[in-house]
Structures are given as structure tokens and as C-alpha cells.
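Here the protein sequences come in this chain order: C and F. Residue 1 is where the first sequence starts when you use the numbering used here, and the numbers rise one by one after that. Residue 315 is where the second sequence starts when you use the numbering used here, and the numbers rise one by one after that. Here the structure is laid out as C-alpha cells; the discussion comes afterwards.
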Amino acid sequence: MSVLVYAESWGGNFRKSTFEAVSYASETAKMLSTNVVAVSLEDVSEKELLKLGSYGASKVVSIPSLNKGDSQSASKIIAELSLDACVIVFSGTHTSRMIAPRLSVKLSAACIANVISLTKSSEITVKRKSFSTKAIETVKSNTEKTILSISPNSFGLKENQIDCTIERSDFSEEGDLLFEGQETASGKISISEAEIVVSAGRGLKGPENWGMIEELADVLGAATACSKPVSDIGWRPHSEHVGQTGKPVTADLYIAIGISGAIQHLAGVNSSKIMVAINTDPEAPFFKAADYGIIGDAFEVVPKFIEEIKNFKN
Amino acid sequence: MNILVCISSVPDTTSKINFTDNNTKFDNNGIQFVINPYDEFGLTKSIMIKESIGGKVTVITVGDVSVEPVMRKALAIGADDAVRVNMNPHDSFSVAFEISEYIKQNSFDLIIAGRESIDYNGGAVPGMISEMTNLPLVNACIGLEIEGNSVKLVREIDGGKEMITSPLPMVIGGQKGLVLENELRIPNMRGIMQSRTKPLSVIEPVSSSKYSTSVSFAKPEEKAGCKFVDASNVSELVHLLHNEAKVI
């Protein structure tokens, strides 16, 4: 018996969400009195792989030849490695959403997504986000093995340094898909990964006014996001749309500027720990959900906010 | 091109969510149901493909009779026929299993489901169908062009996008980008009239097994209330975020 965790990498590096999944696996393993085995796909250096030991992985199986987007092959190898596992942990990324359900069918194992709590016993029962975070559901697994996909940024990191061994596997197989390249925006912080998200809505009046939003995000080390109407009218790219039908946000700090706070928007962002609303309308629904609010014009408040953050950081 | 679109009937995005039976069941009292937004992008794309290269669009839903209005809406938008598996879904596995059985008994060139449903948010149905039918899978799909016997796809990855070519048939998990918001269709009178005579067949489920059980629901904790800072005193906000909230 063991707990298996898929340690996802991006261009040879792990991210916070990876370490969070390993931390979660490690806490689960402690409760079940067993150990954690991590699986890494794609080429990752030994130095990077060893970082998984800092969060409690006692063994890492590295499969450098496998493309993680090839869910057919990835689920096959992870199924082989899961023979001895009772719990298999993923972080809720786009890639995991392809691999985990396939693995679920292969292993006849329940697949529970958006998990936000640990199980209290070996009968796996966890809390998960449901109804686009308008509700928290308690779900029980009915199967011998269980796949848990963790909602990023809702569990946190737990350091737990242990001796970690690395095993390289030369498993090579190719699925039916032909991968023809990626385009990534370099230097930008991704919304799902960000600890701070600066988001703006129609109150900004036009795409030409986003300079101050980007500057505020820059001084805070934050990701930028936007409301649905703003992405629908083409002021910002769809990849920035957050809310019920866009990307979910679970940030430490979510700053909403010129966003009224429609229920669909709040549903996608309200699991953030602290929310700040800046809006000219004192009746804006966002103020009911926010922790801190400023009633005022974004064009006056945001430049001051940028100055104050700069002063604070110096 | 013979396309199967898997749709889910979900509470409208503006719905307030409540539960009954000691917080074990979703309370659909007063709720307006709509086609799951993620599925609607795939449905619209399928209709556009049919209009450009010909073929047929079938929609399938797992649910009791209460989901039929949403299926009629899909027919009014332009789907050709509809299939309802007569079962209240137990979990993602049970839904994927029933749809996969239907796929195995029929022949489709392309199967499109939404990336996730906005009610239970399991996000597992496209992946499970792909595994059960042994067909290639691309999830979080934001671009799709048919080229002969293969399909050029774009999928969203964290922080960017990836270009992929897949043979047909295959399974897609779709989202906005497959079509744009302003390309979504509102049923016109002609479509609504036609939808009443288009076939909506009901088939019985083949299995009752499930992998997980929903135990109960709760609402997220309410916030304690908003602390207001004067617009002329932004430094106070920075102070509070640092010293009180400890997030910067």
C-alpha cells in the first residue's frame, strides 16, 4: 500500500501546485501509515526531482520520454505504477483533467475533483468544491482505490523533508496524437497559480486603460484577470476571464476593480482568502462579498494604490 | 461528419444554490435550467461544422424527463436528433459509462463534451468516455478545424496553448474558444417549431454502478463583512492588507 502522486512539471520545473499535491499526498500517507511515491513525466533534472523529497515523497519515478499531453500513454504508465497504491493524488490542472479520468476507468477507481480537505480515515471521504464554489460537497469513495484531484491553492504547502530516491524509467510509448508545438506567454504569472490576482471589469471603460491594472499587478507580483463582459467584448483575452464559466481563482488576495460582483463572477472567485473591491457604486454586490472595500473612482484610486505599494515595498 | 454532443442540463449561472432533504439533494425549486455553458460552445461548433461540410449532429443527455426542455433547446439551435438516457446521474462514471455504451453501438466521427459542468464540476466525463471507447482525447479545447480524416486542435495549457493533430474519431472536452460568445445562437421561431418534431428518443440505462457517493452539501461560510477604507486614504488599505490580512 502506498500513496501515489503525479508531480506535474512545466518545461522541466515543478510549480507550487505540484508541491501542494505532494504535501497533500504526504499528509494522507501519514494518516494511512504508508509512504508517498511521486511520478514525474517529461524531462526534469535530478536536482529538481529531489525537491519532491522536501514535501514528503520517499521515491520519485521519472519518465523523461513521455509527453504529459498524451493522456493515453500517461494514464497507462501511471496505472502500472498504481498497482500497490490506495490513493492517487493529482493537482487540478488541465493536464490532470485528462489523465485522472482515464486512470479512473483503468483502475475502476473513484475520481474526485476539486478536493479541499483530507480524508479522516482509510474509508476515503473528502470535501470538494461544487456548483462552481457556491457549495461544498462531501463525497465518499466506493472503490478500493481512489483518485483525488486537489483544487490548487486550497491546501497549501507542508514541508516534510525525507530521504528521497530517484528511479528513471525508460517506458516509451506514443499515443495517437501528434503534438505540433506550444505557445506560452513568458514572464506572465498564471491565474491558477497566482497568490495575488488583480482583476478588472467594465468600470475601466476601455482596453486602453489596462496599463494601470498591469502596473498594479506588476508591483504586487500578481496575475491579471478580467470579468466575463470584458473578455466577451474583446478588451482582454479569454484566457484572463475568471468566474463561473471562466477560470476559477483561489488566490490569497483577489483585487476586483470596477467589477460589480454578479453572482456568476463571485462564484468563480469567492474561495480566495481575502477579497478587495474598488468601485464607484456603493451598492455594488461585490462589497457584500469583499473583506475590504474602497468606494471610489478606479482612475483615482488605482494610481494611488500603485504608489502606496511601491512605498511599502521600499 | 457524424457528431455526438454530450450536453448537461444545469442551473442557470445566476441561480442561488440551495439544498433540501437535510442538505443531501439539490433544491431545483424555482431554478431555471440551461444547456451547460461549456457544452453550448461544442454544440454551436458542431452545428457550424455540419453547415460547412455536411453531416449530422446528435445530442445526448443522461437524466430524467425534467432535462427534456434543455434538449429541445439544443434541437431548436440546430441539432438533428436527441437521445436521453433515462437515469438520474449518480456520478461522472455513470454518465460516461452510459454515453460510451451508446457510442459503441453507433458510429460517430467526433464526440464533443464540455470541459466540465457548472453544477457538479467533476470535469471527468470527456476523459472517461475517451478511455471507455478507446478514442484519442483533447480536453480544454479552444480551437478545432476538420482536415479530411484528421482534426487540427488547440488546447489551453497553463499559461498558453498547444497545437495538436488527432485522427478521427476522437473525443473533445470543449470550452469558450471553440466558438466565441457572440457566435452562440439564440433559437429562432423556425428552429423552435422544428424542434418539436425532431426525434427525441429515450433509452434505458445499462448499468447502475457508481464509483462515488455524494454524502451532503454545505454553503461556503459567509464573510464577516466588508471593512471600508476612504478613497483618499489608500495607504490605510496597504496597511490593513499587510498587518491585518497578512497577504502582502
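Note that the Cβ used here is the ideal one computed from N, Cα and C, for glycine as well.
Residue i - DSSP class collapsed to helix/strand/coil
| i | result |
| --- | --- |
| Ala194 of chain C | coil |
| Ile255 of chain C | strand |
| Val115 of chain C | strand |
| Met401 of chain F | coil |
| Gly203 of chain C | helix |
| Asp433 of chain F | coil |
| Asp341 of chain F | coil |
| Ser9 of chain C | strand |
| Lys188 of chain C | coil |
| Ser421 of chain F | coil |
| Pro229 of chain C | helix |
| Ser130 of chain C | strand |
| Gly356 of chain F | helix |
| Ser414 of chain F | helix |
| Arg469 of chain F | strand |
| Val561 of chain F | coil |
| Ala109 of chain C | coil |
| Ser323 of chain F | strand |
| Ile391 of chain F | helix |
| Arg15 of chain C | coil |
Where residue i falls, given that 16 or more other Cβ within 10 Å makes a residue buried
| i | result |
| --- | --- |
| Met98 of chain C | buried |
| Asn420 of chain F | exposed |
| His404 of chain F | buried |
| Ala532 of chain F | exposed |
| Gly53 of chain C | buried |
| Ala200 of chain C | buried |
| Val379 of chain F | exposed |
| Glu195 of chain C | buried |
| Lys76 of chain C | buried |
| Arg510 of chain F | exposed |
| Ser523 of chain F | exposed |
| Ser45 of chain C | exposed |
| Ile233 of chain C | exposed |
| Gln489 of chain F | buried |
| Lys359 of chain F | buried |
| Lys145 of chain C | buried |
| Ile317 of chain F | buried |
| Arg236 of chain C | buried |
| Ala393 of chain F | buried |
| Arg504 of chain F | exposed |
In the stretch 361–395 of chain F, which residues sit with their C-beta less than 7 angstroms from some C-beta in chain C, listed in chain order? If the cut-off is 7 angstroms between Cβ atoms, the stretch 361–395 of chain F has nothing near chain C.
Which residues, in order along the stretch 428–441 of chain F, keep a beta-carbon less than 7 angstroms from a beta-carbon of chain C? Against chain C - using a Cβ distance shorter than 7 angstroms - the residues of the stretch 428–441 of chain F are Ile432, Asp433, Tyr434, Asn435, Gly436, Gly437, Ala438 and Gly441.
Give me the subset of the stretch 128–141 of chain C whose CB atoms are less than 9 angstroms from a CB atom of chain F, sorted by chain position. Taking 9 angstroms as the upper bound on Cβ-Cβ separation, chain F lies near residues Arg128, Lys129, Ser130, Phe131, Ser132, Thr133, Lys134, Ala135, Ile136, Glu137, Thr138, Val139, Lys140 and Ser141 of the stretch 128–141 of chain C.
Counting pairs of beta carbons, one from the stretch 286–294 of chain C and one from the stretch 94–109 of chain C, are three or more of them closer than 8 angstroms? No, they do not touch.
So, do the stretch 58–68 of chain C and the stretch 161–173 of chain C have three or more beta carbon pairs nearer to each other than 8 angstroms? The stretch 58–68 of chain C makes contact with the stretch 161–173 of chain C: 3 or more CB pairs, one atom from each, lie closer than 8 angstroms.
Do the stretch 70–80 of chain C and the stretch 431–450 of chain F make contact, defined as three or more Cβ pairs closer than 8 angstroms? Two segments are said to touch when three or more pairs of C-beta atoms, one from each, lie closer than 8 angstroms; by this definition the stretch 70–80 of chain C touches the stretch 431–450 of chain F.
Can you list the beta strand (DSSP E) stretches of 3 or more residues lying completely in the stretch 476–546 of chain F, in chain order? Fully enclosed beta strand (DSSP E) runs of no fewer than 3 residues occupy 484–488, 514–517 and 526–532 of the stretch 476–546 of chain F, in order along the chain.
Would you call the stretch 38–46 of chain C and the stretch 121–131 of chain C touching, i.e. three or more CB-CB distances under 8 angstroms? No, the stretch 38–46 of chain C is not in contact with the stretch 121–131 of chain C.
Using Cβ-Cβ distances below 8 angstroms, what residues of the stretch 402–414 of chain F are close to chain C? So the list reads Asp405, Ser406, Phe407 and Ala410, given in the order they occur along the chain.
Pair every Cβ in the stretch 127–140 of chain C with every Cβ in the stretch 82–94 of chain C, then say whether three or more of these pairs are closer than 8 angstroms. Flag = no, the stretch 127–140 of chain C and the stretch 82–94 of chain C do not touch.
Residue ranges of each alpha helix (DSSP H) within the stretch 22–103 of chain C, 4 or longer: 46–50 and 71–81, all fully within the stretch 22–103 of chain C.
Across the stretch 473–486 of chain F and the stretch 177–191 of chain C, are there enough close Cβ pairs to call them in contact, namely three or more that are closer than 8 angstroms? Yes, they touch.
Closer than 8 angstroms, Cβ to Cβ, to anything on chain F: give me those residues from the stretch 155–188 of chain C, in chain order. In summary, the residues of the stretch 155–188 of chain C whose CB is separated from some CB of chain F by less than 8 angstroms are Gly175, Asp176, Leu177, Leu178, Phe179, Glu180, Gly181, Gln182, Glu183, Thr184, Ala185 and Lys188, in the order they occur in the chain.
Count Cβ pairs between the stretch 372–389 of chain F and the stretch 348–362 of chain F that sit closer than 8 angstroms; are there 3 or more? In short, these stretches touch, since the Cβ pair count reaches three.
In chain order, what are the residue ranges of uninterrupted beta strand (DSSP E) at least 3 long that sit wholly in the stretch 259–302 of chain C? Look at the stretch 259–302 of chain C and you find these whole runs of beta strand (DSSP E), each 3 residues long or longer: 274–279 and 292–295.
Below 7 angstroms between beta carbons is the criterion; list the residues of the stretch 480–494 of chain F that meet it against any residue of chain C, in chain order. Flagged, chain order: Ser480, Pro481, Lys490 and Gly491.
Where the stretch 525–538 of chain F meets chain C: residues whose CB sits under 7 angstroms from a CB there: Those residues of the stretch 525–538 of chain F that come within reach of chain C (Cβ to Cβ, closer than 7 angstroms) are Tyr525, Ser526, Thr527, Ser528, Val529, Ser530, Phe531, Ala532, Lys533, Pro534 and Lys537.
Taking one C-beta from the stretch 509–523 of chain F and one from the stretch 454–463 of chain F each time, how about it: are there three or more such pairs within less than 8 angstroms? Because the criterion of three Cβ pairs below 8 angstroms is not met, the stretch 509–523 of chain F and the stretch 454–463 of chain F do not touch.
Taking a Cβ distance cut-off of 9 angstroms, strictly less, list which residues of the stretch 340–353 of chain F are near chain C, in chain order. Those residues of the stretch 340–353 of chain F that come within reach of chain C (Cβ to Cβ, closer than 9 angstroms) are Phe340, Pro351 and Tyr352.
Does the stretch 262–275 of chain C touch the stretch 325–338 of chain F, meaning 3 or more C-beta pairs lie closer than 8 angstroms? Judged by Cβ distances under 8 angstroms, the stretch 325–338 of chain F makes contact with the stretch 262–275 of chain C, as three or more pairs qualify.
Going along the stretch 103–122 of chain C in order, which residues come within less than 9 angstroms of chain F, judged by CB to CB distance? Near chain F, meaning a CB-to-CB distance below 9 angstroms, the residues of the stretch 103–122 of chain C are Leu103, Ser104, Val105, Lys106, Ser108, Ala109, Ala110, Cys111, Ile112, Ala113 and Asn114.
Between the stretch 152–163 of chain C and the stretch 14–27 of chain C, do three or more beta carbon pairs fall short of 8 angstroms? Counting C-beta pairs with one atom in each stretch, the stretch 152–163 of chain C and the stretch 14–27 of chain C have three or more that are closer than 8 angstroms, which means they touch.
I want to know whether the stretch 266–283 of chain C touches the stretch 245–252 of chain C - three or more CB-CB distances under 8 angstroms. Output reads yes: the stretch 245–252 of chain C touches the stretch 266–283 of chain C.
Can at least three beta-carbon pairs, one atom from the stretch 207–222 of chain C and one from the stretch 97–117 of chain C, be found at a separation below 8 angstroms? Taking one beta carbon from each stretch, the stretch 207–222 of chain C and the stretch 97–117 of chain C have fewer than 3 pairs nearer than 8 angstroms; the two do not touch.
Identify each residue in the stretch 210–224 of chain C for which the Cβ-Cβ distance to at least one residue of chain F is less than 8 angstroms, and report them in chain order. Per Cβ criterion, the list reads Leu220.
Cβ contact (3+ pairs, closer than 8 angstroms) linking the stretch 270–285 of chain C and the stretch 552–562 of chain F: Contact between the stretch 270–285 of chain C and the stretch 552–562 of chain F is present, because at least three Cβ pairs lie under 8 angstroms.
Name, going along the chain, the residues of the stretch 448–476 of chain F whose beta-carbon falls closer than 8 angstroms to a beta-carbon of chain C. Listed in sequence order: Pro450, Leu451, Val452, Asn453, Ala454, Ile456, Arg469, Glu470, Ile471, Asp472, Gly473, Gly474, Lys475 and Glu476.
For the stretch 41–69 of chain C, which residues have a CB atom closer than 8 angstroms to at least one CB atom of chain F, in sequence order? The stretch 41–69 of chain C vs chain F, Cβ under 8 angstroms: Gly69.
Does the structure place the stretch 336–346 of chain F close enough to the stretch 396–411 of chain F that three or more beta carbon pairs sit under 8 angstroms? No, the stretch 396–411 of chain F does not touch the stretch 336–346 of chain F.
Assess contact between the stretch 423–437 of chain F and the stretch 543–558 of chain F, defined as three or more Cβ pairs (one per stretch) separated by less than 8 angstroms. Is contact present? No: the two stretches stay apart, fewer than three of their Cβ pairs being nearer than 8 angstroms.
Return the residues of the stretch 503–525 of chain F that lie within a Cβ-Cβ distance of less than 7 angstroms from chain C, sorted by chain order. Cβ contacts with chain C: Lys524 and Tyr525.
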